[in-house]
Structures are given as C-alpha cells and as structure tokens.
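Okay, structure first, notes after.
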Amino acid sequence: DAGVIQSPRHEVTEMGQEVTLRCKPISGHDYLFWYRQTMMRGLELLIYFNNNVPIDDSGMPEDRFSAKMPNASFSTLKIQPSEPRDSAVYFCASSLASGSGETQYFGPGTRLLVL
Amino acid sequence: QKEVEQNSGPLSVPEGAIASLNCTYSDRVSQSFFWYRQYSGKSPELIMSIYSNGDKEDGRFTAQLNKASQYVSLLIRDSQPSDSATYLCAVREDFNKFYFGSGTKLNVKP
Numbered sequence: 012d013a014g015v016i017q018s019p020r021h022e023v024t025e026m027g028q029e030v031t032l033r034c035k036p037i038s039g040h041d042y043l044f045w046y047r048q049t050m051m052r053g054l055e056l057l058i059y060f061n062n063n064v065p066i067d068d069s070g071m072p073e074d075r076f077s078a079k080m081p082n083a084s085f086s087t088l089k090i091q092p093s094e095p096r097d098s099a100v101y102f103c104a105s106s107l108a109s110g111s112g113e114t115q116y117f118g119p120g121t122r123l124l125v126l
Numbered sequence: 217q218k219e220v221e222q223n224s225g226p227l228s229v230p231e232g233a234i235a236s237l238n239c240t241y242s243d244r245v246s247q248s249f250f251w252y253r254q255y256s257g258k259s260p261e262l263i264m265s266i267y268s269n270g271d272k273e274d275g276r277f278t279a280q281l282n283k284a285s286q287y288v289s290l291l292i293r294d295s296q297p298s299d300s301a302t303y304l305c306a307v308r309e310d311f312n313k314f315y316f317g318s319g320t321k322l323n324v325k326p
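The listed protein sequences correspond, in order, to chains L and W. So the number in our numbering is just where the residue sits in the first sequence, counting from 1, plus 11. So the number in our numbering is just where the residue sits in the second sequence, counting from 1, plus 216.
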C-alpha cells in the first residue's frame with residue numbers, strides 16, 4: 012500500500028492567497044483526519060471525517076479554513092485568505108473504525124509558509 | 217477540556233540506558249493509548265498501543281498503563297542513537313477522536 016498521500020509537500024505563498032492542501036487516504040480506511048503542527052501548539056486536530064461526512068470540526072481555527080471530502084479517496088483543506096500565522100506543517104491521517112485500538116497512519120505532511 | 221500532558225524535555229540518556237517517557241491524561245473515559253515517534257521533519261509513526269492496565273512489551277519497548285492514575289509511560293531499553301526523536305503520547309476517545317500530547321524530545325548520546 013502506498014500509504015497516505017499528501018500534496019503538495021511544500022507550499023510557499025503570500026498573505027491573502029488561497030491555499031489548497033490535498034490528501035488521499037489509505038484505501039479502505041473510513042476515517043480521515045486533518046492536523047496542524049507547530050512548535051508552539053504541537054499537533055492539533057482540525058477536523059475529521061467518517062465515511063466522507065465531517066464528524067467534528069471544532070478544531071478549525073476560523074472561517075478562513077474549510078475542508079471537504081467529496082469521496083472516499085480524496086480530501087482537501089482550504090485556507091482563504093491565508094495569513095502568516097497559518098504557517099505550519101499540515102498532516103492528513105487515516106484509520107479504520109473497527110476495534111478499540113485502531114490507530115492512525117499519517118501522511119508525509121505539507122509544509123506551508125505564508126509570507 | 218481534554219488534556220494530554222507530557223514533559224517537553226529534552227530527555228538525555230546515554231547509549232544503552234533505559235529511557236522513560238511519561239504521559240498523563242485528564243479524561244477518565246479514555247480507553248486506548250498510543251505512543252508515536254516523530255523524527256525531525258518527518259511524520260509521526262506508531263510505536264506502541266495499549267488498552268489494558270499493566271505492561272505491554274514489544275522488543276525494546278514497553279508501554280505501561282495505569283488508568284486509575286491516568287498515567288501511561290513508554291520505556292525504551294538499550295537506547296540507541298537512532299531512538300533520538302520526539303515521542304508523542306495519544307489518547308483515543310469516543311467516535312475515534314484522538315488527542316495528542318506536545319511530545320517529549322529524547323536525545324540518546326553515543
């Protein structure tokens with residue numbers, strides 16, 4: 012299996028621009044998670060989906076952030092307009108729902124720098 | 217507010233020693249616990265999972281869980297320089313929601 016795939020791996024943009032991050036989960040996984048990691052705040056859960064439906068978006072920092080999962084093999088996280096404080100590494104992860112111990116598998120991350 | 221607390225470190229141990237990493241969590245209903253390792257510039261990868269009170273061993277790694285004390289730990293025996301990384305504690309709640317600690321940075325000195 013190719014694992015969780017994220018694109019782009021690096022993104023440099025200017026303040027005010029729209030940024031779209033993409034994720035392909037592991038085939039067959041029915042949960043998809045978006046995280047943001049910074050030195051100051053650590054790994055923060057932004058939103059997660061079950062069977063393409065958003066379950067909890069309480070971690071989305073503000074209305075500038077939105078996420079979609081149009082099908083089981085693709086999700087996007089969009090920031091519009093972007094701000095310098097959005098600079099971070101954004102991880103996508105996926106997991107199965109069965110059992111109490113199913114863990115998450117992380118993608119390589121997208122390093123976002125907003126100038 | 218659910219919290220997962222870890223000492224940020226760095227924790228420095230000599231090669232061959234035992235490294236002990238600790239984590240406390242605030243929610244008594246937490247059922248599943250995980251330790252992830254994250255190398256600098258890389259994504260987290262699963263090291264151990266534990267669901268029941270007691271110890272769980274996997275090679276050089278031992279996870280310990282005490283639900284009454286809301287405490288989970290990771291022991292790394294015969295530490296190697298390649299173990300130098302940040303170790304993240306994670307707690308899985310209902311509806312498959314995960315909470316992560318801020319991580320403990322481990323340095324294993326040759």
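Yeah, the Cβ is synthetic: ideal placement off N, Cα and C, and Gly gets one too.
Using a Cβ-Cβ cut-off of less than 9 Å, list which residues of the segment 50 to 74 of chain L approach chain W; keep chain order. Arg52, Gly53, Leu54, Glu55, Leu56, Tyr59, Asn61, Ile66 and Asp67
Would you list, in chain order, the members of the segment 100 to 121 of chain L that have their beta-carbon closer than 8 Å to a beta-carbon of chain W? Phe102, Ser106, Ala108, Ser111, Gly112, Glu113, Thr114, Gln115, Tyr116, Phe117, Gly118, Pro119 and Gly120
For a contact meaning CB atoms closer than 8 Å, what does W:Pro260 contact in chain L? By one-based count along the second sequence, residue 260 of chain W stands at place 44. Near W:Pro260 (Cβ distances below 8 Å), the residues of chain L are Leu54, Phe102 and Phe117.
If the cut-off is 9 Å on Cβ atoms, which residues from the segment 297 to 314 of chain W count as contacting chain L, listed in chain order? Leu304, Ala306, Arg308, Phe311, Asn312, Lys313 and Phe314
Have a look at L:Ala108, L:Glu94 and L:Cys103 and flag the residue whose alpha-carbon is nearest the alpha-carbon of L:Val30. Translated into the one-based positions of the first sequence, residue 30 of chain L becomes position 19. Selected option, being the one with the closest Cα: L:Glu94.
At a Cβ threshold of 7 Å, is W:Phe250 touching chain L? Indexing the second sequence from 1 puts residue 250 of chain W at position 34. Cβ-Cβ to chain L under 7 Å: yes for W:Phe250.
Rounded to a whole number of angstroms, what is the C-alpha to C-alpha distance between W:Ala301 and L:Glu25? Counting from 1 along the second sequence, the entry for residue 301 of chain W is found at position 85. Counting from 1 along the first sequence, the entry for residue 25 of chain L is found at position 14. Roughly 32 Å between the two C-alpha positions.
Based on DSSP bridge pairs, tell me the residues matched to W:Thr278. Reading the second sequence from its first residue, position 62 is the one you call residue 278 of chain W. W:Glu273 and W:Leu291.
For L:Ala153, I'd like the list of residues in its chain whose CB is within less than 7 Å of its CB, leaving aside the five on either flank, ordered along the chain. Nothing in the structure corresponds to residue 153 of chain L, since chain L is present only between 12 and 126.
Enclosing beta strand (DSSP E) for L:Gly53 [first to last residue]: Your numbering for residue 53 of chain L matches position 42 in the first sequence. It spans Gly53 to Asn61 - the beta strand (DSSP E) in which L:Gly53 sits, taken as one unbroken run.
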